[in-house]
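At position 63 of the sequence shown the residue is numbered 74 (this note's numbering), and the sequence of numbers has no breaks.
Idealized CB from N, CA, C, for every residue including glycine.
None of the values given here were measured: they were computed from a predicted structure.
Report on the structure given below.
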Amino acid sequence: MKLTDFLKVITKWRKILYFNIIFLTLLSIILAFILPKSYLATASFIPTTSFVLPSTQLELYSYIGIRPSPSRFGEVISIGDIFARFLNEEKIKKRVIEKTDLMNKEKIKDLKRAFEWLREHVKVKTSLEEIVTISVSTRDKNFSCDIANAYIEALKEVTEELYYSYTNWKVKFLEEAMLEAKNKVIKIADSLANLKKKYNIFIIDREYTSTYGIYAELKKQEIETEIELKTILSYSPPDNPQVQKLKDKLLNIKNKIKELENPSKPLGFGGVLGSPIQKLPDVYSLLLRTETEYKAMEGVFSYLSQEYEKAKVEATTKLNLINVLSKADPLLTERFPKKGIIILMGIFISTIFGILLCFYFEFLENIEKMEEFSEIRNLLKEFKGDLKFKKRFKT
Numbered sequence: 012m013k014l015t016d017f018l019k020v021i022t023k024w025r026k027i028l029y030f031n032i033i034f035l036t037l038l039s040i041i042l043a044f045i046l047p048k049s050y051l052a053t054a055s056f057i058p059t060t061s062f063v064l065p066s067t068q069l070e071l072y073s074y075i076g077i078r079p080s081p082s083r084f085g086e087v088i089s090i091g092d093i094f095a096r097f098l099n100e101e102k103i104k105k106r107v108i109e110k111t112d113l114m115n116k117e118k119i120k121d122l123k124r125a126f127e128w129l130r131e132h133v134k135v136k137t138s139l140e141e142i143v144t145i146s147v148s149t150r151d152k153n154f155s156c157d158i159a160n161a162y163i164e165a166l167k168e169v170t171e172e173l174y175y176s177y178t179n180w181k182v183k184f185l186e187e188a189m190l191e192a193k194n195k196v197i198k199i200a201d202s203l204a205n206l207k208k209k210y211n212i213f214i215i216d217r218e219y220t221s222t223y224g225i226y227a228e229l230k231k232q233e234i235e236t237e238i239e240l241k242t243i244l245s246y247s248p249p250d251n252p253q254v255q256k257l258k259d260k261l262l263n264i265k266n267k268i269k270e271l272e273n274p275s276k277p278l279g280f281g282g283v284l285g286s287p288i289q290k291l292p293d294v295y296s297l298l299l300r301t302e303t304e305y306k307a308m309e310g311v312f313s314y315l316s317q318e319y320e321k322a323k324v325e326a327t328t329k330l331n332l333i334n335v336l337s338k339a340d341p342l343l344t345e346r347f348p349k350k351g352i353i354i355l356m357g358i359f360i361s362t363i364f365g366i367l368l369c370f371y372f373e374f375l376e377n378i379e380k381m382e383e384f385s386e387i388r389n390l391l392k393e394f395k396g397d398l399k400f401k402k403r404f405k406t
């Protein structure tokens, strides 16, 4: 079809085109104003890795109360995903509900329905750069902003409370363990001095010192690992991979200590040890055991003292768990549906539909002039005649 033919058809049926455009455009304008409004507010933050505790992602899971969830590659998901999940925890949602007076404003009677309302109106996403975005859509732009900002405030408050609760417990735990280790060091030191004085032995033969050195170091590692395991179990689920790793390490240390204490097994620490401790002379064996306990507890006391000082610093350090990139602002909210887009879509669709109508009416007007149509009409007449003949035959 030529352009002139196209324009002739449009011009001929232009009144239908005008009516269609005006009618559908007015309809789209009415819809744009009567459709329920919703306002989308967004707030975003990025987790910081500069905080003191915890230093690993697995500890972070346990620290904020989320169980580890491996990805499809068997690795722990990103820190951003961890915080995104934490925002969906009930402890955060309860704070948001309280801060925004959600149940009163939306006339919700129970907490369960309030959680469902948040699940429907709040979306949390994490980008590849680990930026966490909180998007809230409601009928009030100020309310949307209040909820988005309340999520960030609630996240800060809850994580700080968990952090300081844990660090204060850790300080108390390490202080008690350190005092207990100190008392043991003093007690063992007295026993060692009495043994040396009783048997008049002040220098141990060089051939026994290698056994003593490795045994003392293993005992020290055993006690330190037990303390570390107890600390992690205080805030972590038993199926935490870090817990299992420490249990395996502790079992390995205990097995090595048993080998040193076993008189029937030759020891094989690279050929350093020639005989187990129980094969040493009785006096030397007793003396070595006592001095081993002293050195081990001395090392444990030193380790606990360092950890105690670190824990005191952690307990007084200002927590900076997240960096807020943007807060929700009523001036920056997006309105849905967008009136302009709806009206423009109405004009566009009505124009296309109107042009199609023009060609449809043109087709209807010209169809009787077509030879094919006259043949079809004759066939239909014959078919109609057959039906009349059958009707007469029956009667």
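For Ile90, the closest C-alpha among the options Tyr371, Ile333 and Glu345 is that of Ile333. Judged by DSSP secondary structure, Leu51 falls within the beta strand (DSSP E) whose first and last residues are Ser49 to Pro58.
Shortest Cα-Cα distance from Val135 to any of Leu173, Glu172, Glu171 and Ile93 involves Ile93.
For Asn31, the uninterrupted alpha helix (DSSP H) run begins and ends at Arg25 to Ile45, by DSSP.
Counting C-beta pairs closer than 8 Å gives fewer than three between the stretch 186 to 198 and the stretch 107 to 117, which falls short of the contact rule. According to the DSSP assignment, Ile93 belongs to the alpha helix (DSSP H) that extends over Ile90 to Phe97.
Where Asn331 is concerned, there is no enclosing alpha helix (DSSP H), because DSSP gives it neither an H nor an E. If you draw a straight line from the Cα of Glu127 to the Cα of Thr111, it is about 16 Å long. Beta-carbon to beta-carbon, Ser55 and Thr144 are separated by about 5 Å, close enough to satisfy the 8 Å threshold. A straight line joining the alpha-carbon of Glu172 with that of Asn331 spans about 13 Å.
Looking at the backbone, the Cα of Pro58 and that of Val169 are separated by about 15 Å.
Here Glu345 is bridged, per DSSP, to Leu51.
With distances taken between CA atoms, Lys104 lies nearest to Ala165 out of Ala165, Glu141, Phe372 and Ile45. One Cα belongs to Lys321, the other to Thr242, and the distance between them is close to 14 Å. Annotation: Asp157 to Ala339 spans about 8 Å, alpha carbon to alpha carbon.
For Ser337, the beta-bridge partners assigned by DSSP are Ser55.
Cβ-Cβ separation between Ile353 and Ala43: approximately 4 Å, consistent with a contact (criterion under 8 Å). In chain order, Ile353, Ile354 and Gly357 place their CB closer than 6 Å to the CB of Ser39, counting only its own chain and leaving out the 5 sequence neighbours on each side. Taking C-beta atoms as the reference points, Asn31 and Leu368 count as a pair closer than 8 Å. If you draw a straight line from the Cα of Val324 to the Cα of Thr303, it comes to about 32 Å. Apart from the 5 residues on each side of it in sequence, Ala125 sits with its Cβ closer than 7 Å to the Cβ of Ile108, Leu113, Met114 and Ile119 in its chain, given in chain order.
Contact annotation: Glu233 and Lys265 have beta-carbon atoms nearer than 8 Å.
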